[in-house]
Every structure is written in C-alpha cells, then in structure tokens.
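Protein chains in written order, with this note's numbering: chain A, 4 to 137; chain B, 4 to 137. From the three backbone atoms N, C-alpha and C, an ideal C-beta is built for every residue, glycine too. It should be emphasised that the depicted structure is a prediction, and the values quoted were computed from it without experimental measurement. Notes follow the structure.
2 protein chains.
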Amino acid sequence: MITTISKFLKEKGITPSVQRIEIMRFMLTHKTHPTVDDIYRELSKSIPTLSKTTIYNTLTLLCDKGAVISFTTDDNTTHYDGVVEEHAHFKCKNCGQIFDVPIPMINNSEPQGFDIQNVEVTYYGICPKCTEYQ
Amino acid sequence: MITTISKFLKEKGITPSVQRIEIMRFMLTHKTHPTVDDIYRELSKSIPTLSKTTIYNTLTLLCDKGAVISFTTDDNTTHYDGVVEEHAHFKCKNCGQIFDVPIPMINNSEPQGFDIQNVEVTYYGICPKCTEYQ
DNA sequence: TTCATAATTGAAATGATTACTACTATATCA
DNA sequence: TGATATAGTAGTAATCATTTCAATTATGAA
C-alpha cells in the first residue's frame, strides 16, 4: 500500500516522503473533504512530530500537481478533496457535512470570452438525513 | 437618494441608520464584490468613526434580509454583492477581478433528495482583458 | 423629558494561514 | 565511505479575517 501511494506520487512528479505518503493516503481513504486541521488532528496520532506547516506545504503541492483539489465554503476555510474528477458539493447547513454531487453543467452555457480553468459549484441547504429528522 | 435607500431598507424589515444607509448605498453603487475591508477603507473616509464591527453586523443583517448576497472565493474572505438575482461569478487568477456571469444551470440536473436553498458557482481562470495582454 | 431598547464602537480574543529560521533526511559525487 | 549540497520538515512568530464582548451613543415610545 505504501509502495502504491509512493508510486502514485512519483507519477504525479512528487518526491515521496513519510509525511506526503500519509497525507495522500488520508485523502484517498477519507471522503470527508477535510481541512488542514482535520488532517492534523488525525495524523498527529500516528506521526506525533507532524507539523501543520508540512500539511499546508504538502496539500499545496498535491493541488499544484493535480493529485487533490481544494475548495472553500462559507466557513472561510479551505477544504481538500481526493476526488479530482469534476463534481459539485453540497454543504448541509444543519449538520455541516459536505457531500459530493454531480455537476449540473451544460457546455454551451458557460460565459463567453473567459478562459475558464476550473469551476467551484457549492449548494447550500439541508441534506436528506437532516430533512428526515426535522 | 437617502430617503430612497431608507425606504428600501424599511421594506426589507431593516431599521435604517446612517451607517446602514451608507453601507447599502455602497453595495448598490459598487459592483466590485467588495470585502468588509474594501468597504471599510472607502466609507471611513466619509464616516471616520465607522467601525468594522458595524460593517460585519450590517452585512450579516442585509444578507439575512435578502438585501445583499455573500460568497467566498479562494482568498478565504467573504465577498458581498448587491445583485441578489441568481448568477455566477468569474474570478480572474491574473488581475483578481470578480465578474458577474450568467448561471449555467439546467433545472432537472440538480442533486435529488437535497433541500437546496442556494448555490454558489465560481469560475476561475483568465478574464478577457488579461487574456488579450498575455 | 425620561427611560428602555437598539445600534455602534473599539479593544481583545480566536482561528486559519503564511513567513521564517533552524533542524533533519536524502542524494550526489569525489 | 564521507563530505556536502539540497530538499523536506518542524516549530514558532507574524498576519489577516472574523467574532466576542463590554461600554457608549442614538433612537423612539410613553
């Protein structure tokens, strides 16, 4: 498993290290759209010397190389996502959970004259579970 | 003009005050998607005692009452918009300007089972002017 | 006018992120 | 093998947006 992730990082042009492998593994095994703090809280259990700076550096690198994506929500903190295929997010205003949802685009409706590199689509509302118990 | 904005605020259920009127006026006359700091820098020229807390409070109130909308971008700061009709934004990675663009949704492609209250759509890329001079 | 309430202010606290410096691991080459 | 350059990591301090909170000021009704 370590070799798999190590190989994956090399393919992306990233020199592997213990920290980078564990952060990348975390992103691939957790579909919770974590923040730097979420990752720090979890991974510092197994790597007690891990610093937040390393997590910031690593995630910026992973983003640049296309291994993860980042997006922001109304909490004004950056969330990261190991799913890099284009998709939208739904954030529940009740429980705070962020869900992956299909992106509802039709090609010819994009703004003309702009060189679009990426899109962030975030829905806000109440998720099915919270709707049920209200 | 003051009476117009004052009347507008009352219609929205907001008690007018000098500060609220000037902040609302700023939002109606500036289509630049300002941050709290942008507004503070401009309005403190004419209202030297104006505090940022008041701007935060007022914008939160204006949002709640539907007089303005807010959204976040990759700079992790909240931007405000006096245009409340549903639309998307384009942020230029070169000059940083934010543009209003049409929202590219088709109704029946929205995620099912979610109670959607609002959507934020933000494109990132290079704006026409920056494309031209590159 | 008086009083209750709402609005505003400014300072301090918080939380995410960046900057910076020192330390450590890794790779290279003589 | 060992010296050395370089990349990566850690930890602290600084910065910036935002929130909290207590004190002051303005407003409106009796």
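C-alpha distance - residue i paired with residue j, whole-angstrom precision
i: Tyr83 (chain A); j: Phe11 (chain B); result: 41 Å
i: Ser20 (chain B); j: Ile101 (chain B); result: 29 Å
i: Thr32 (chain B); j: Asp41 (chain A); result: 41 Å
i: Asn60 (chain B); j: Thr6 (chain A); result: 52 Å
i: Asp77 (chain A); j: Val86 (chain A); result: 21 Å
i: Val213 (chain B); j: Val104 (chain A); result: The requested residue 213 (chain B) is not part of the displayed model; chain B covers only 4 to 137.
i: Asn47 (chain A); j: Thr35 (chain A); result: Going by the sequence as given, residue 47 (chain A) is Ser instead of Asn. Computed Cα separation, rounded: 18 Å.
i: Thr81 (chain B); j: Leu62 (chain B); result: 10 Å
i: Arg44 (chain A); j: His90 (chain A); result: 27 Å
i: Lys94 (chain B); j: Glu113 (chain B); result: 24 Å
i: Lys166 (chain A); j: Ser73 (chain A); result: In this structure chain A extends from 4 to 137, so residue 166 (chain A) is not present and cannot be described.
i: Gln120 (chain A); j: Glu135 (chain B); result: 16 Å
i: Pro51 (chain B); j: Lys13 (chain B); result: 25 Å
i: Lys55 (chain B); j: Glu88 (chain B); result: 27 Å
i: Lys133 (chain B); j: Cys133 (chain A); result: First, the amino acid is wrong: residue 133 (chain B) is Cys here, not Lys. In a straight line, the C-alpha of Cys133 (chain B) is about 44 Å away from that of Cys133 (chain A).
C-beta atoms of residue i and residue j nearer than 9 Å
i: Val122 (chain A); j: His92 (chain A); result: no
i: Asp118 (chain B); j: Ile129 (chain A); result: yes
i: Ile106 (chain A); j: Ala70 (chain A); result: no
i: Glu25 (chain A); j: Ser9 (chain A); result: no
i: Met27 (chain B); j: Pro37 (chain B); result: no
i: Leu65 (chain B); j: Gln22 (chain B); result: no
For residue j and residue i, believed in contact at Cβ under 8 Å, the rounded distance
i: Thr75 (chain A); j: Asn79 (chain B); result: 6 Å
i: Met131 (chain B); j: Gly99 (chain A); result: Checking the displayed sequence, the identity of residue 131 (chain B) turns out to be Pro instead of Met. Not confirmed; about 38 Å, so no contact.
i: Tyr96 (chain B); j: Tyr126 (chain B); result: This sequence places Lys at residue 96 (chain B); Tyr is not what is there. Not a contact, Cβ separation roughly 10 Å.
**OP:** Only counting runs of 3 or more residues, tell me where the beta strand (DSSP E) segments fall wholly within the stretch 98-132 of chain A, in order along the chain.
**Re:** 101-104, 118-129
**OP:** Quick one: which unbroken beta strand (DSSP E) runs of 3-plus residues sit fully inside the stretch 11-71 of chain B? Chain order, please.
**Re:** none
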